[in-house]
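Asker:
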Amino acid sequence: MKTKLIFLSFAILFSATMLAQSAKEISEKSSDIIDITSMEMVSTLKIIDNKGNVRERQITTASKKFGNVNKLLIKFISPADVAGTALLVYDYEDQSDNMWIYMPALRKVRRIVSSEKGKNFMGSEFTNADMSKPNSSDFTYALLGNETIEGKDCWKLEITPKTSALKSENGYSKRVAYIDKSNYFAYKVDYYDLSGKLNRIQTIKDYRKQNNGKYFAYFMEMKNVLNGRKSELKVDKFQSGSKLPESTFAPTALEK
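Spelled out as structure tokens, the structure:
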């Protein structure tokens, strides 16, 4: 009897471990299929309040991977009141990200500290943390089951920051991702605030497979269910494989 109990305990532990590994593996594959080493794009950001009023911004984005760091430069080109504003992100694989912002009115490049990463990005429902790729080692993973949404057979994954500090830095207590089993694309993600309430819902409404087999989102909506606001990001022009020099992503380039 004792031998059976030991075997049963081992079997349960082994199954739980395998399930956790599978959840993390699914998440990592989902991250890998959108990992484009270099790209440039022009996009339109719409910020929509709870009364339907719309503010529109034109943005240019450049991104390229150098060794173990992906460098991302976002610049606002219109309207006039935000033109010249720029965000630079150094997204490391094995350490905390670095972020800088340039505000033309201040004529100064300022580093974004960890406590600001969970805050809204330029008045939108996206956050500064949304601009970078999360480090997989900072989270725990649980496979909640399967769910069919809009005809897509999906894995339902719960992804939780390991510490309170990481929760505060990312601006959420957990996120639940719905990952399409056919291609590992996470087309919907629910974000829960630090009190555990559903806060934001991200939905990718247009995503396309590139020539290199990777996927890229062409239309993304972030809806805040608590305040009724939402933001939409639509890609107008996109080019992958761009040959960008590393100097493009220097903090001093933010002012240009």
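Numbers 86 to 341, taken from the numbering used here, label the letters of the sequence shown in order. We treat Cβ as the ideally placed atom computed from N, Cα and C, and that holds for glycine.
From Ala105 to Thr333, what does the alpha carbon distance come to, in whole angstroms?
Answerer: Counting from 1 along the sequence shown, the entry for residue 105 is found at position 20. Counting from 1 along the sequence shown, the entry for residue 333 is found at position 248. Its pLDDT being 48, under 50, Ala105 is placed unreliably in this model, and the coordinates cannot settle the point.
Asker: Give a yes or no on whether the C-beta atoms belonging to Lys266 and Asp238 are separated by under 8 Å.
Answerer: Taking the first residue of the sequence shown as 1, we reach residue 266 at position 181. Taking the first residue of the sequence shown as 1, we reach residue 238 at position 153. Against a cut-off of 8 Å, the Cβ pair of Asp238 and Lys266 comes out as a contact.
Asker: Residues bridged to Arg314 by DSSP?
Answerer: Counting from 1 along the sequence shown, the entry for residue 314 is found at position 229. DSSP, once it has assigned bridges, lists no residue as partnering Arg314.
Asker: Where does the unbroken beta strand (DSSP E) through Gly284 begin, and where does it stop?
Answerer: Here residue 284 corresponds to residue number 199 of the sequence shown, with the count starting at 1. In the sequence as presented, Gly is not what sits at residue 284; that position holds Asn. Counting along the chain, the beta strand (DSSP E) containing Asn284 begins and ends at Leu283 to Lys294.
Asker: Please go through the region 259-285 and give each complete beta strand (DSSP E) segment of 3 or more residues, from N-terminal end onward.
Answerer: Counting only runs of 3 or more, we get 259-265 and 271-277.
Asker: Per DSSP, Glu232 is paired with what?
Answerer: As a working note, residue 232 is residue 147 in the sequence shown. Cys239.
Asker: First and last residue of the alpha helix (DSSP H) that includes Asn255?
Answerer: Position 170 of the sequence shown, counting from 1, holds the residue named residue 255. Its alpha helix (DSSP H) spans residues Ser249 to Asn255.
Asker: For Asn155, which beta-bridge partners are listed by DSSP?
Answerer: On the sequence shown, residue 155 is found 70 positions in, with the first residue counted as 1. BP columns for Asn155 point to Lys150 and Asp176.
Asker: How should Lys89 be labelled, buried or exposed, when 16 other C-beta atoms within 10 angstroms of its C-beta is the threshold for buried?
Answerer: Counting from 1 along the sequence shown, the entry for residue 89 is found at position 4. The pLDDT assigned to Lys89 is 48, lower than 50, so where the model puts this residue is not dependable, and the model offers no usable value.
Asker: When you compare each of Gly313, Leu311 and Val320 to Ala302 by their alpha carbons, which one comes out closest?
Answerer: The count along the sequence shown starts at 1 and reaches residue 302 at position 217. Per the Cα distances, Val320.
Asker: Determine the DSSP secondary structure at Met207, reduced to helix, strand or coil.
Answerer: For the purposes of this step, residue 207 is taken as the residue at position 122 of the sequence shown. Residue state, collapsed to three classes: coil.
Asker: Output the boundary residues of the alpha helix (DSSP H) element that contains Lys114.
Answerer: Against the sequence shown, residue 114 aligns to sequence position 29. Looking at the DSSP string, the run of the alpha helix (DSSP H) that includes Lys114 is Lys87 to Asp117.
Asker: By alpha-carbon positions, which one of Ser221, Ile234 and Ala227 ends up nearest to Asp117?
Answerer: For the purposes of this step, residue 117 is identified with residue 32 of the sequence shown, where counting begins at 1. Closest option to Asp117, Cα to Cα, is Ser221.
Asker: With DSSP as the reference, please indicate the residues paired to Phe304 in a beta bridge.
Answerer: Stepping through the sequence shown from its first residue, residue 304 is reached at position 219. According to DSSP, Phe304 bridges with Asp291 and Lys319.
Asker: I need the boundaries of the beta strand (DSSP E) containing Glu340, first residue and last residue.
Answerer: Here the question's residue 340 lines up with position 255 in the sequence shown. Counting along the chain, Glu340 falls outside any beta strand (DSSP E), and DSSP gives it neither H nor E.
Asker: Starting from Met216, follow its DSSP beta bridges and name the residues at the other end.
Answerer: The residue given as residue 216 occupies position 131 in the sequence shown. Paired residue(s): none; Met216 is not in a bridge.
Asker: Mind checking Asn138: buried by the 16 CB within 10 Å criterion, or exposed?
Answerer: Walking along the sequence shown from the start, residue 138 turns up at place 53. Its Cβ having fewer than 16 others within 10 Å, Asn138 is exposed.
Asker: Excluding the five sequence neighbours on either side, which residues of its own chain have a C-beta within less than 6 Å of the C-beta of Gln180, listed in chain order?
Answerer: For the purposes of this step, residue 180 is identified with residue 95 of the sequence shown, where counting begins at 1. Same-chain partners within the cutoff: there are none.
Asker: Closer than 8 Å is the cut-off here; do at least three beta carbon pairs connect the region 128-148 with the region 246-265?
Answerer: At 8 Å Cβ cutoff, the stretches do not touch.
Asker: Sorted by chain position, which residues of the same chain lie with C-beta nearer than 6 Å to Ala271's C-beta, five sequence neighbours on each side aside?
Answerer: Position 186 of the sequence shown, counted from the start, is the residue given in the question as residue 271. Same-chain partners within the cutoff: Ser115, Ala262 and Ile264.
Asker: Roughly how far, in whole angstroms, is the beta-carbon of Tyr226 from the beta-carbon of Ser112, given that I think they are within contact range, below 8 Å?
Answerer: For the purposes of this step, residue 226 is identified with residue 141 of the sequence shown, where counting begins at 1. For the purposes of this step, residue 112 is identified with residue 27 of the sequence shown, where counting begins at 1. Indeed they touch by this definition, with Cβ atoms about 6 Å apart.
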